[in-house]
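Engineer: Okay, handing you the structure first.
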Amino acid sequence: MAGIAANLEHVRNRIRRACVAAGRPADGVRMLAVSKTFDASAIRAAHAAGQRDFGENYQQEALAKQAQLADADLVWHFIGPIQSNKTRGIAQAFHWVHSVDRLKIAQRLSDQRPPQLAPLQVCVEVNVSGEASKSGCTPDQAAALCRAVAGLPRLRLRGLMAIPAPDADARAAFRRLRELFESIQDQGLTLDTLSAGMSDDLEAAIAEGSTIVRVGTAIFGRRETRA
Ligand SMILES: *Cc1c(COP(=O)(O)O)cnc(C)c1O
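The sequence shown: position 133 = 133 (the numbering used here), numbered continuously.
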């Protein structure tokens with residue numbers, strides 16, 4: 001657990017250096033600690049070291065950890081693929097969702113967001129590498145989906161998210177995401193968030209304008225199971 005605080009510091013330094021290299025203010029990039037497969041004690045260790053935003057991929061796993069951490073003031077981001085039978089738990093327990101890739105999911109999240117909570121903060125996930133197997137809408141669908149999200153009462157559109165294919169040129173993929181982001185802004189939609197960059201490619205993402213990096217392995221270590 002002592003390793004988690006040191007790892008966090010190391011990643012914060014990487015982010016600061018990448019911001020300097022890109023000529024961007026260091027506070028322009030927010031970091032999510034991606035805690036999937038790690039237990040509540042790892043999250044507590046990161047929180048004790050000053051980390052507040054956490055990303056989770058699996059609804060059931062996340063809800064169990066959230067129950068154990070109910071006393072802590074954490075911000076929860078859902079970043080995994082969403083099946084429609086999981087939207088209610090996500091709408092009830094998360095502050096952000098980064099992985100909305102179709103209208104049906106957006107509608108369900110809005111319908112199921114409890115009225116006493118603030119609107120759910122939403123990024124539309126875009127498949128910028130064009131693989132058939134990956135989640136995310138196509139770049140061509142992104143503007144229409146953003147417009148639909150912006151029109152739903154219990155959602156607040158924040159921006160775009162992408163995960164480049166492992167074998168892709170990450171910098172080029174992040175550049176395509178940024179260009180899409182700018183073209184959607186030009187169409188009059190308000191977007192302030194580019195959710196891009198993970199442990200291995202956060203520098204390339206920050207160079208292309210990322211405002212949220214999602215970092216797992218570099219903070220918590222290698223995952224033993226699942227993705
Ligand atoms: C697992 C995951 C991450 C973290 O990846 P690392 O390479 O461990 O930093 C980030 N984003 C998403 C969507 C993920 O599923």
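Glycine included, each C-beta is placed from N, C-alpha and C at the ideal position.
With a 10 Å radius around its C-beta and 16 neighbouring C-beta atoms as the bar for buried, classify residue 202 as buried or exposed.
Structural biologist: buried
Engineer: Could you tell me the alpha carbon to alpha carbon distance between residue 119 and residue 154, rounded to whole angstroms?
Structural biologist: Approximately 5 angstroms between the Cα atoms of the pair.
Engineer: Using 8 angstroms for Cβ pairs, my map puts residue 146 next to residue 101. What's the rounded Cβ distance?
Structural biologist: Contact doesn't hold; Cβ gap of about 12 angstroms is too wide.
Engineer: Give every residue of the same chain whose Cβ lies closer than 6 angstroms to the Cβ of residue 91, excluding the five residues on either side of it in the sequence, and list them in chain order.
Structural biologist: 109, 112 and 113
Engineer: Taking 9 angstroms as the cut-off, decide whether the C-beta atoms of residue 142 and residue 79 are in contact.
Structural biologist: Not in contact: residue 142 and residue 79 (Cβ atoms no closer than 9 angstroms).
Engineer: Whole angstroms is fine: what's the gap from residue 23's alpha carbon to residue 14's?
Structural biologist: 14 angstroms
Engineer: Would you say residue 80 touches ligand 1, meaning its beta carbon is less than 8 angstroms from a heavy atom?
Structural biologist: At least one heavy atom of ligand 1 sits closer than 8 angstroms to the Cβ of residue 80.
Engineer: Measure the alpha-carbon distance for residue 25 versus residue 135 and round it to whole angstroms.
Structural biologist: 31 angstroms
Engineer: Is residue 193 near ligand 1, in the sense that its beta carbon is under 8 angstroms from a heavy atom of that ligand?
Structural biologist: No, Cβ of residue 193 sits at least 8 angstroms from all heavy atoms of ligand 1.
Engineer: To the nearest whole angstrom, what separates the beta carbons of residue 126 and residue 177, a pair I think is in contact under 8 angstroms?
Structural biologist: The pair is a contact, with the Cβ atoms about 6 angstroms apart (cut-off 8 angstroms).
Engineer: Would you mind working out which of 197, 59 and 49 sits nearest residue 37, comparing C-alpha positions?
Structural biologist: 59
Engineer: Which runs of the alpha helix (DSSP H) fall wholly inside the stretch 153 to 213 and span at least 4 residues, in chain order?
Structural biologist: 170 to 186 and 202 to 207
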